[in-house]
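These notes are about the structure you will find just below.
Numbering (our numbering), first residue to last: 11 to 683.
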């Protein structure tokens, strides 16, 4: 493997290290600037910050990392000792012999892995190259270089593991920040307790500038809360008594008492963190792919080495084996995917399946589930139709006064329209609400009815032929009508239209620029579905489709050879989500752990889609760079051996330079974003 080649078995293999390690949350701030990653790299080997981070892990994880780090440190010490013996070996055969034994001892893992490979009928592997290099350098008198490789490689192992551990941890930390201690209110007294002892039913006090440690409901007080860690929304949310709050979010202003509903590993943030932890399993796939690339290039590398040995001798042949063709993909791929998942998470895009980073580029068809995916929950007041001597402003005044203090979407739309026209509203003297139908109020000694056609008719008001035709036309276009009656006579009608998402039109345009075909699959009638498709420039639509038939249409598109991305809002779309190759949910953070979609937009809007495609393009370019950095240094090395008489030390230096360049390439996206 790559790491054995670096240190001739002087440290635990990267394959074992990566497969055997999983990330767990640690205490941190809810967000961390990307440049902190670079700072962590500088302190990776001797820094105190890493020790502080490690001390915050749970005991099982701490023990696991501690054991691994002790082994790494021991092997660095052994490699340093072997280097000293090798230096003395230049003047004494005895020390050369002892130093050779030390190198072979450090490389015993390589020999064990070769034995395991042979048992599985794998005869040409990276372990074989490692063994050839180890014994070849000893046999050709290059013991000092062999031990230096072990020493340098030992430090690189620590650095690489630090980079990967940090990438894993920062990915989880996006959603797992919590304070070490919390303030518990008990019998009117505030007590400081450990975070781990917090339980459901406790009442905690959180002040401005503090992280909310658990999910709960505000029991007393109000606050402005930054929820971008869960939703990606930069605008703070005002919360009052009875509102729900979530762990890992930040109180900007105010002071609140929270009744804890879930704590610890049961919180929304912890569940999302676990989702991301599971996503990291994709790195194993990338490591296998990297190993396959490296193994596929091994016959070429061995062939070059054998040819060089026949033409020029053992030392140049060993130098060519330091090419390491493709080896770096084993580590660069996993580190890159973890970093890009972290970037997306910080932007409110939760990727539950890491394969998406590769497969999203194959999408040629995007299907929007129902018109509601492309429209906002709150509609818009369109035309105001006059039916008497009242003007449009007066009709809106009575409608908005009736809807005063109502909170449903249509009421909000009417109140917003009145606010836009700077209409001063009056509070009704009396209000009677019939849920699902309308409102009856008394205002300025007038009886005002505001509601649906059915509500108006139930009150004994006869509609004119004009109003009946208006109702029919509105239904055809997917609009609804709100009737305003004063003293038993309809004076006006408000036409309520769906509100297109502000980002939808530009997003559809961007999809078409990528040569992606767009569809709507809707349960709505033909006309309203067609209207929205035409307004947004969506090319195809299916109307009046039952939820259970949506999956059939997805499968039909797949049978035509299309690669389908399905975007829904999480309502009645589970089957269609599973049927598509890629699925995106707009349901938001509240259901992130249970949603069947592979990608969740935490803010519940379509806006992150264009950013997602942009990041996927960047990921593709980064992986191409990783491949080049895994192959080009090796090609340069072989060329240098043949054309410039590269020595083993020069080949080693080029190898390590390529490794460091690859690590820089893998972490650059974090610094960029």
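Note that CB positions come from ideal geometry on N, CA and C, so glycine has one too. The structure displayed is predicted, hence computed values, not measured ones.
For the beta strand (DSSP E) that residue i lies in, which residues bound it at each end?
| i | result |
| --- | --- |
| residue 697 | This structure cannot speak to residue 697, because the chain is shown only from 11 to 683. |
| residue 500 | 499-507 |
| residue 115 | Unbroken run through residue 115 is the alpha helix (DSSP H), 103-116; no beta strand (DSSP E). |
| residue 392 | 390-396 |
| residue 335 | Unbroken run through residue 335: none, as it is neither H nor E. |
| residue 755 | Nothing about residue 755 can be read from this structure; the chain reaches only from 11 to 683. |
| residue 609 | 609-611 |
| residue 552 | 550-552 |
| residue 694 | Since the first residue of the chain shown is 11 and the last is 683, residue 694 is not available in this structure. |
| residue 233 | 225-236 |
Compare the C-alpha of residue i against each of the options and name the closest.
| i | options | result |
| --- | --- | --- |
| residue 668 | 630, 336 and 99 | 336 |
| residue 625 | 355, 657, 251 and 132 | 355 |
| residue 522 | 542, 547, 501 and 505 | 547 |
| residue 442 | 427, 411 and 435 | 411 |
| residue 416 | 397, 385, 451 and 398 | 451 |
| residue 269 | 303, 225 and 305 | 225 |
| residue 532 | 352, 557, 129 and 110 | 557 |
| residue 754 | 373, 657 and 505 | Residue numbering for the chain in the displayed model covers 11 to 683; residue 754 lies beyond these limits and cannot be assessed. |
| residue 432 | 404, 444 and 418 | 404 |
| residue 213 | 219, 206 and 271 | 271 |
Under a CB-based cut-off of 8 Å, is residue i close to chain B?
| i | result |
| --- | --- |
| residue 542 | In the displayed structure, chain B is absent; only one protein chain is listed. |
Within 10 Å of its beta-carbon, does residue i have 16 or more other beta-carbons around it, so buried, or fewer, so exposed?
| i | result |
| --- | --- |
| residue 608 | buried |
| residue 484 | buried |
| residue 326 | buried |
| residue 551 | buried |
| residue 191 | exposed |
| residue 529 | buried |
| residue 534 | buried |
| residue 497 | exposed |
| residue 311 | buried |
| residue 82 | buried |
| residue 255 | buried |
| residue 146 | buried |
| residue 583 | buried |
| residue 654 | exposed |
| residue 120 | buried |
| residue 482 | exposed |
| residue 507 | buried |
| residue 670 | exposed |
Check the C-beta distance from residue i over to residue j and give it rounded, since I have them as a contact under 8 Å.
| i | j | result |
| --- | --- | --- |
| residue 92 | residue 157 | 4 Å |
| residue 516 | residue 615 | Between residue 615 and residue 516 the Cβ distance is about 12 Å, and since that is not below 8 Å, they are no contact. |
| residue 371 | residue 570 | About 19 Å; that fails the 8 Å criterion. |
| residue 221 | residue 260 | 6 Å |
| residue 262 | residue 234 | 5 Å |
| residue 108 | residue 95 | 5 Å |
| residue 381 | residue 527 | Going by Cβ atoms, the distance from residue 381 to residue 527 rounds to 18 Å, so no, they are not a contact pair. |
| residue 689 | residue 161 | No statement about residue 689 is possible, as the shown extent of the chain runs from 11 to 683 and does not include it. |
| residue 511 | residue 386 | 6 Å |
| residue 408 | residue 428 | Contact doesn't hold; Cβ gap of about 10 Å is too wide. |
| residue 509 | residue 632 | At roughly 38 Å, the Cβ-Cβ gap does not stay under 8 Å, so residue 509 and residue 632 are not in contact. |
Which two residues bound the contiguous alpha helix (DSSP H) that contains residue i?
| i | result |
| --- | --- |
| residue 632 | 618-653 |
| residue 408 | 402-412 |
| residue 659 | 658-682 |
| residue 204 | No alpha helix (DSSP H) contains residue 204, which is instead part of the beta strand (DSSP E) from 199-204. |
| residue 137 | 136-149 |
| residue 561 | 557-569 |
Going along the chain, which residues of its own chain have a beta-carbon closer than 6 Å to the beta-carbon of residue i, five neighbours each way excluded?
| i | result |
| --- | --- |
| residue 65 | With a pLDDT of only 37 at residue 65, under 50, the local geometry of the prediction cannot be trusted, and the value read off the model is given with reservation. Closer than 6 Å at the Cβ level, and outside the excluded window around residue 65, lies no residue. |
| residue 143 | 331 |
| residue 640 | 336, 338 and 339 |
| residue 590 | 564, 574 and 576 |
| residue 308 | 134 |
| residue 300 | 339, 340 and 343 |
| residue 237 | 247 and 259 |
| residue 672 | 338, 342 and 639 |
Can you find the residues in the same chain that come closer than 7 Å, C-beta to C-beta, to residue i, ignoring five residues on each side of it along the sequence?
| i | result |
| --- | --- |
| residue 103 | none |
| residue 250 | 228 and 232 |
| residue 44 | Since pLDDT at residue 44 reaches only 40, below the 50 mark, its modelled position is unreliable, and no value is offered. |
| residue 662 | 155, 159 and 332 |
| residue 637 | 339 |
Using a Cβ-Cβ cutoff of less than 8 Å, which residues in the same chain neighbour residue i once the five nearest sequence positions on both sides are dropped?
| i | result |
| --- | --- |
| residue 468 | 447 |
| residue 466 | 448, 459, 473, 493, 495 and 500 |
| residue 124 | 135, 137, 138 and 141 |
| residue 659 | 155 |
| residue 58 | Low local confidence applies: a pLDDT of 38 at residue 58 is under 50, so the model's placement there is unreliable, with the coordinate-based value given in what follows. Excluding sequence neighbours, residue 58 sits near nothing in its chain. |
| residue 316 | 327 |
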